[in-house]
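Beneath this line is the structure, given in structure tokens, with notes to follow.
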Amino acid sequence: MTIRHNRLRAWVEEIARICEPDRVHWCNGSREEYAEMIGTLQAAGSAIPLNPALRPNCYLFRSDPSDVARVEERTFICSRHRDDAGPTNNWADPEQMRRDMLASYRGCMRGRTLYVIPYSMGPIGSPIANIGVEITDSPYVVVNMHIMTRVGSRVLDQLGEDGEFVRGWHSVGAPLSPGQPDSTWPCNPDLSKKYITHFPETREIWSYGSGYGGNALLGKKCHALRIASVQARDEGWLAEHMLILKVTPPSGRPHYIAAAFPSACGKTNLAMLEPTLPGWKVETIGDDICWMKFGPDGRLHAINPETGFFGVAPGTSMRSNPNAMRTLRRDCIFTNCVLTPDNDVWWEDMTETPPPRGIDWQGKEWTPDCGRKGAHPNARFTAPARLCPVIAPEWEDPAGVPISAILFGGRRGAVVPLVVEARSWSHGVFLGSIMGSEMTAAAFGKVGTLRRDPMAMLPFCGYHIGDYLAHWLRIGTRTSADRLPRLYFVNWFRRSADNRFLWPGFGDNIRVLKWIVERIEGRANATETPIGRLPTPESLDTSGLNLPAEDLHELLRFDVDGWRGDISDIEKFHASFGDRRPAQLREELAMLAREIGAL
Ligand code: OXD
Ligand code: MN
Numbered sequence: 001m002t003i004r005h006n007r008l009r010a011w012v013e014e015i016a017r018i019c020e021p022d023r024v025h026w027c028n029g030s031r032e033e034y035a036e037m038i039g040t041l042q043a044a045g046s047a048i049p050l051n052p053a054l055r056p057n058c059y060l061f062r063s064d065p066s067d068v069a070r071v072e073e074r075t076f077i078c079s080r081h082r083d084d085a086g087p088t089n090n091w092a093d094p095e096q097m098r099r100d101m102l103a104s105y106r107g108c109m110r111g112r113t114l115y116v117i118p119y120s121m122g123p124i125g126s127p128i129a130n131i132g133v134e135i136t137d138s139p140y141v142v143v144n145m146h147i148m149t150r151v152g153s154r155v156l157d158q159l160g161e162d163g164e165f166v167r168g169w170h171s172v173g174a175p176l177s178p179g180q181p182d183s184t185w186p187c188n189p190d191l192s193k194k195y196i197t198h199f200p201e202t203r204e205i206w207s208y209g210s211g212y213g214g215n216a217l218l219g220k221k222c223h224a225l226r227i228a229s230v231q232a233r234d235e236g237w238l239a240e241h242m243l244i245l246k247v248t249p250p251s252g253r254p255h256y257i258a259a260a261f262p263s264a265c266g267k268t269n270l271a272m273l274e275p276t277l278p279g280w281k282v283e284t285i286g287d288d289i290c291w292m293k294f295g296p297d298g299r300l301h302a303i304n305p306e307t308g309f310f311g312v313a314p315g316t317s318m319r320s321n322p323n324a325m326r327t328l329r330r331d332c333i334f335t336n337c338v339l340t341p342d343n344d345v346w347w348e349d350m351t352e353t354p355p356p357r358g359i360d361w362q363g364k365e366w367t368p369d370c371g372r373k374g375a376h377p378n379a380r381f382t383a384p385a386r387l388c389p390v391i392a393p394e395w396e397d398p399a400g401v402p403i404s405a406i407l408f409g410g411r412r413g414a415v416v417p418l419v420v421e422a423r424s425w426s427h428g429v430f431l432g433s434i435m436g437s438e439m440t441a442a443a444f445g446k447v448g449t450l451r452r453d454p455m456a457m458l459p460f461c462g463y464h465i466g467d468y469l470a471h472w473l474r475i476g477t478r479t480s481a482d483r484l485p486r487l488y489f490v491n492w493f494r495r496s497a498d499n500r501f502l503w504p505g506f507g508d509n510i511r512v513l514k515w516i517v518e519r520i521e522g523r524a525n526a527t528e529t530p531i532g533r534l535p536t537p538e539s540l541d542t543s544g545l546n547l548p549a550e551d552l553h554e555l556l557r558f559d560v561d562g563w564r565g566d567i568s569d570i571e572k573f574h575a576s577f578g579d580r581r582p583a584q585l586r587e588e589l590a591m592l593a594r595e596i597g598a599l
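If you read the sequence shown in the numbering used here, its first letter stands for residue 1, the second for the next number, and so on.
In structure tokens, the structure reads:
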């Protein structure tokens with residue numbers, strides 16, 4: 001392959017000099033390359049082929065037990081000034097970090113191949129898309145990037161001789177000495193040696209020691225969120241942790257909705273929802289990341305920068321997400337799932353009856369009653385988006401889709417009602433800034449405690465969170481109010497006094513989408529409250545649900561005592577932004593506090 005881009009070629013040569021790989025391979029993105037790479041992984045014992053009669057062209061991988069998820073404590077934003085990383089990121093001095101990481105990178109690819117992956121986030125040539133190049137020594141990363149992004153020669157053509165690109169440098173950090181047998185999941189098992197580092201000013205990502213998910217597939221969280229959020233701030237657009245869906249009412253006029261939820265709150269399920277209301281249709285544009293730019297019509301137009309779904313497997317079932325299950329029938333990669341006796345995959349809650357036995361994610365014999373989970377809670381599928389039976393035909397439209405509404409959601413057992421409409425853009429930004437989730441797994445804090453997660457960007461915003469919210473407020477001044485998406489706060493997880501979920505969720509979330517669409521079209525009623533506009537009970541379609549009136553009342557109740565209890569926590573959280581706390585958010589909070597007598 002001739003590389004016409006001199007800066008790119010020189011960068012790859014420099015990295016090869018430091019990492020000392022045995023070979024360099026430029027990825028062309030072809031199907032043959034994918035097959036060849038899978039062949040290599042199979043020969044190494046890393047890729048376990050699944051039963052071709054049940055799941056053709058699908059493979060299972062098992063990670064090292066030390067390398068199973070994103071590592072937030074080892075994720076760094078190395079901006080020149082500490083203040084630019086803000087209170088929600090780990091900052092490290094860029095020069096010191098470069099020195100430390102260079103010491104790790106020296107010779108780290110010995111015995112391995114260095115792969116160069118040119119990729120496009122977004123349809124190639126779209127004015128909303130952006131190009132990156134990832135260097136990696138992991139063929140597992142290559143095959144996953146093939147599914148998750150647009151890879152190869154087409155991207156190099158688009159880059160031309162001098163195009164700009166985000167530089168991603170990844171190594172699993174496990175050099176091989178001559179004759180040393182490789183492990184099936186090479187990585188550096190020592191957490192203190194893992195680094196997921198971002199240099200926002202120079203648009204660089206340096207990742208070392210982990211081969212898992214967002215740590216290693218650099219197009220996703222590192223590029224499309226942390227680096228892109230900085231590009232978006234500088235250039236006046238939005239790079240967000242949001243799904244994008246298309247909802248079509250019986251009348252036939254579709255709306256496009258984006259929605260931010262923290263990790264593991266059901267974004268993929270909502271993106272592929274199977275509506276329970278007759279005549280309503282939901283199609284998917286994306287399930288995790290949304291880039292939005294103003295179009296010539298003054299509206300925000302969104303693309304899904306990815307081409308695949310890297311979804312959490314446990315909990316995915318024909319009940320929770322039938323369209324995901326249908327997507328997973330062929331050409332997929334599974335990581336850390338159970339291998340069943342008939343060479344298929346399984347995970348907790350996939351079926352009511354588990355397989356009688358299997359091999360668990362650690363490669364050990366497993367039975368449902370052995371006391372251990374078979375799949376790791378963060379087991380994943382990597383699935384091509386084009387295989388989703390409800391992918392919208394326009395999902396790759398380079399112009400993007402015009403967004404009518406943006407939802408902010410979290411997992412709150414109390415306080416936050418089922419749905420509330422913001423009064424204005426700045427009020428909506430306020431609601432987005434206070435969203436959060438009660439922890440269900442100990443991964444990011446104590447179970448049951450509330451982790452505030454503004455716009456679901458807490459682990460993904462590449463700069464100061466106060467500046468990020470100020471950027472959102474500024475976006476609201478860039479066009480006329482009627483061109484901006486309407487903003488909503490949603491909560492599927494509200495519980496009763498006896499701890500039942502009050503809302504059925506899943507396919508019945510269409511009822512909330514219906515109310516939102518009818519609000520946008522000026523056809524649904526709402527009641528003004530200090531936290532925004534709540535549906536009147538009759539305006540929410542609960543037909544056929546058998547939802548007790550008390551439950552509906554509770555779901556749509558403005559819980560004044562609950563909100564009073566939240567005020568000081570919100571104040572503390574916003575105060576942590578220091579002098580970068582936007583004045584408008586201070587005013588929104590003061591107004592809420594005044595109205596509910598919490599001052
Ligand atoms: C993800 C996440 O993997 O948000 O999408 O953690
Ligand atoms: Mn995510």
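Ideal placement from N, C-alpha and C gives every residue a C-beta, glycine not left out.
- For S437, the shortest C-beta to heavy atom distance toward the ligand MN is 8 Å or greater.
- Between the stretch 115–123 and the stretch 293–308, the count of C-beta pairs closer than 8 Å reaches three or more; the two stretches touch.
- Inter-segment contact for the stretch 108–115 and the stretch 486–503 is absent: fewer than three beta-carbon pairs are separated by less than 8 Å.
- Around the CB of H574, 16 or more other CB atoms lie within 10 Å, so the residue is classed as buried.
- Nearest C-alpha to S317 among R326, F309 and F310: R326.
- In this chain, the alpha helix (DSSP H) harbouring E13 covers N6 to C19.
- Around the beta-carbon of R150, 16 or more other beta-carbon atoms lie within 10 Å, marking it buried.
- Restricting attention to C58, T276, R74 and R31, the CA atom closest to the CA of H198 is found in R74.
- Exclusion of the five residues before and after G400 leaves I128, H301, A302 and I303 as the residues of its chain whose Cβ lies within less than 6 Å of its Cβ.
- Annotation for A399: no alpha helix (DSSP H) segment contains it, and DSSP assigns it neither H nor E.
- The beta carbon of S30 sits closer than 6 Å to no other beta carbon from its chain once the five residues preceding and following it are set aside.
- Where T268 is concerned, the enclosing alpha helix (DSSP H) starts and stops at K267 to A271.
- One thing to note: E240 has its Cβ no nearer than 9 Å to the Cβ of M435.
- Taking 8 Å as the cut-off, one finds no heavy atom of the ligand MN near enough to the beta carbon of D453.
- C-alpha of S192 to C-alpha of T184: approximately 22 Å in a straight line.
- By the neighbour-count criterion, in which 16 or more other beta carbons inside 10 Å mark a residue as buried, P175 falls on the buried side.
- Under the DSSP assignment, L545 falls outside any beta strand (DSSP E); it carries neither an H nor an E label.
- Distance between L547 and G507, taken at the CA atoms: about 15 Å.
- Assignment of G168 by DSSP, reduced to helix, strand and coil, places it in the strand class.
- The alpha-carbon of S437 is positioned some 37 Å away from that of N57.
- Look at I205 here: in three-state DSSP terms it is strand.
- Every unbroken stretch of the beta strand (DSSP E) spanning 3 or more residues and falling wholly within the stretch 55–136 is given here in chain order: 59–61, 75–77, 113–121 and 130–136.
- The residue among D331, D559 and P368 with its C-alpha nearest the C-alpha of W347 is P368.
- Taking the CA atoms as reference points, E235 sits about 22 Å from I244.
- Taking C-alpha positions only, G413 is separated from L545 by approximately 21 Å.
- Distance from the CA atom of Y34 to the CA atom of Q42, rounded to whole angstroms, is 12 Å.
- Runs of the alpha helix (DSSP H) lying entirely within the stretch 500–548, each at least 4 residues long, are 510–520 in chain order.
- Not one heavy atom of the ligand MN falls within 8 Å of the beta-carbon of H255.
- DSSP places S437 in the uninterrupted beta strand (DSSP E) bounded by G436 to E438.
- C461 counts as buried, since at least 16 other C-beta atoms from the protein chains shown sit within 10 angstroms of its C-beta.
- Residues whose Cβ lies closer than 6 Å to any heavy atom of the ligand MN, listed in chain order: H241, S263 and D288.
- Counting C-beta atoms within 10 angstroms of its own C-beta, T340 has 16 or more neighbours from the protein chains shown and is therefore classed as buried.
- One alpha carbon belongs to V416, the other to L273, and they sit about 22 Å apart.
- With fewer than three CB-CB distances shorter than 8 Å, the stretch 92–106 does not count as touching the stretch 129–143.
- In this structure, I147 and T382 form a Cβ contact; the two beta carbons are roughly 5 Å apart against a cut-off of 8 Å.
- Pairing K246 with A10, the inter-Cα distance amounts to about 43 Å.
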